[in-house]
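Below you'll find the structure, written out as structure tokens, and then a few comments.
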Amino acid sequence: MFFTTDALPERDRFPAFCEEMFRRIVGCDIQEDGSVPFRGILDIRRAAEVSVANIAVTPADIIRNARHQSDGSDDIVVQLWQQGAAHVTQGRRESPVKAHEGVILDNTNTGRLCVADTSRFWVLTIPRVRIAGLAPNVVRLAGTKLAGGFSFRLLFSYLERTRAIDLTVDDPVIRLFGDHLVDLVAFALGAQGEAREHVEQGGVRAARLTKVLHDIENRIADPALSAAAVAVQLGVTPRYIHLLLEETGRTFSRHVLERRLARAMELLRDPRHYGRRIADIALDAGFADLSYFNRAFRLQFGDTPSSVRASVALGGKRR
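If you're matching positions, the sequence shown starts at 189 in my numbering and goes up one per residue.
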């Protein structure tokens, strides 16, 4: 479900967002600050049992009180802040939260979220029974902040990098994605013993693989790209990086080579690069050795870089 106030007259934006959407779907009230014209966006998807929401709102107070608790929800809520800042109160705990920080909330308790700036944040709503077995201390953590640690950064980056996943289909992959999110939350909450082993093999492993692939893509033009360099970013060993990539059916070096060749093909076919030397294009794709690039390109595509460029140029002239 996606809802935005942008298409509404300004006088109708807050009533529609609060009364028609937020109160019914999120289970909270919202009080606008009034310092700026109100704007709200509510984007909610489901990954099996996990609700994945992305919320944007101008300064406002978001309140869950005793009246809302009558909905019977005992879910655990994890907020991960992308931008803005707020002050969270639940029970006796008060926590300031800002971009790249998070907070744990418990729907069985009342609470207040005072949004200080125009903000955007992820909200994961997880059935208590799903998370309690992996992180038994979750009840005691209501109102506490998540920030800074590797486990939190892994959860946050996994959400950001998988935001384009289509969750509208009923597919085993979507259910697996929901399971991975639960695992990553449990990991961030300090799962121990067998529970930690379980989440390490599930969601944590999947998130690490996602990050490895992302780091490779971002650094594909760097001739010094290596498993050791990526391992430093993840805080793991190069051997672990190799094992992660081998699960995809390709070695680390093979994956890097294929991505570099794909990048070179993309540049060769781009009319904006017609005037560039093939050697420069090879370098931009991460190849330091032109002869090696030419051999690898021909093996992968059955043609030479110069032939690909010539055929593309000829096609452009015919048009």
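All C-beta atoms, glycine included, are put in the ideal place defined by N, C-alpha and C. Values in this document were obtained by computation on a predicted structure and should not be read as measured data.
- Check the Cα spacing between arginine 252 and each of Val224, Val240, Cys206, Lys286: the tightest is with Cys206.
- For histidine 368, the enclosing alpha helix (DSSP H) covers residues 360–376.
- A contact between stretches requires three or more CB pairs, one per stretch, nearer than 8 Å, and the region 343–359 fails this requirement with the region 297–304.
- Here arginine 457 is exposed, its C-beta having fewer than 16 other C-beta atoms within 10 Å.
- Nearest in C-alpha terms to aspartate 200, of all of Gly215, Asp217, Arg212, Gly228, is Gly228.
- If the five residues before and after isoleucine 250 are omitted, its C-beta is found closer than 6 Å to the C-beta atoms of Cys216, Ile218, Leu301, all from its own chain and listed in chain order.
- Counting only the Cα atoms, valine 370 lies some 10 Å from proline 315.
- Rounded to whole angstroms, glutamate 435 and methionine 209 show a C-alpha spacing of 43 Å.
- Counting other Cβ atoms within 10 Å of its Cβ, tyrosine 346 reaches 16 or more and is therefore classed as buried.
- Contiguous alpha helix (DSSP H) elements confined to the region 423–483 occur at 426–434, 440–457, 466–472, taking only those with 4 or more residues.
- The C-beta of glycine 391 has 16 or more other C-beta atoms within 10 Å across all chains shown, which makes the residue buried.
- Counting C-beta pairs closer than 8 Å gives three or more between the region 287–298 and the region 255–263, which meets the contact rule.
- The DSSP-derived three-state label of cysteine 302 is strand.
- Per the coordinates, the alpha-carbon of alanine 395 lies some 10 Å from the alpha-carbon of histidine 402.
- Glutamine 389 and alanine 498 have their C-alpha atoms spaced approximately 48 Å apart.
- The count of Cβ pairs closer than 8 Å, one atom from the region 306–315 and one from the region 230–246, reaches three, so the stretches are in contact.
- In terms of Cβ geometry, valine 400 and leucine 431 do not form a close pair [threshold 8 Å].
- Shown here, valine 285 sits in a strand according to DSSP, grouped into three states.
- Counting of Cβ neighbours within 10 angstroms places glutamine 380 among the exposed residues, the total staying below 16.
- By the neighbour-count criterion, in which 16 or more other beta carbons inside 10 Å mark a residue as buried, aspartate 359 falls on the exposed side.
- When secondary structure is reduced to three states using DSSP, isoleucine 243 falls in the strand class.
- In the DSSP annotation of this structure, phenylalanine 340 is not part of any beta strand (DSSP E); the continuous alpha helix (DSSP H) holding it starts and ends at 338–349.
- Membership of valine 400 in the alpha helix (DSSP H) is indicated by the continuous run 393–406.
- With respect to alanine 235, phenylalanine 365 sits close: the two C-beta atoms are nearer than 8 Å.
- Contact between isoleucine 408 and arginine 451 holds: their C-beta atoms lie close to 6 Å from each other, under 8 Å.
- DSSP places arginine 234 in no alpha helix (DSSP H) but in the uninterrupted beta strand (DSSP E) bounded by 228–235.
- Going by DSSP, glutamate 220 is part of the beta strand (DSSP E) stretching over 217–220.
- Nearest C-alpha to leucine 449 among Ile319, Leu422, Leu478: Leu478.
- The Cβ-Cβ distance between glutamine 270 and glycine 290 does not fall below 8 Å.
- Burial check for glycine 437: the Cβ neighbour count within 10 Å stays below 16, so the residue is exposed.
- For aspartate 249, the enclosing beta strand (DSSP E) starts and ends at 248–252.
- Only residues of its own chain outside the window of five on either side were considered, and among them Leu372, Ala376 have a CB closer than 6 Å to the CB of leucine 343, listed in chain order.
- For valine 224, the three-state secondary structure derived from DSSP is coil.
- Membership of arginine 280 in any alpha helix (DSSP H) is not indicated, and neither H nor E is assigned to it by DSSP.
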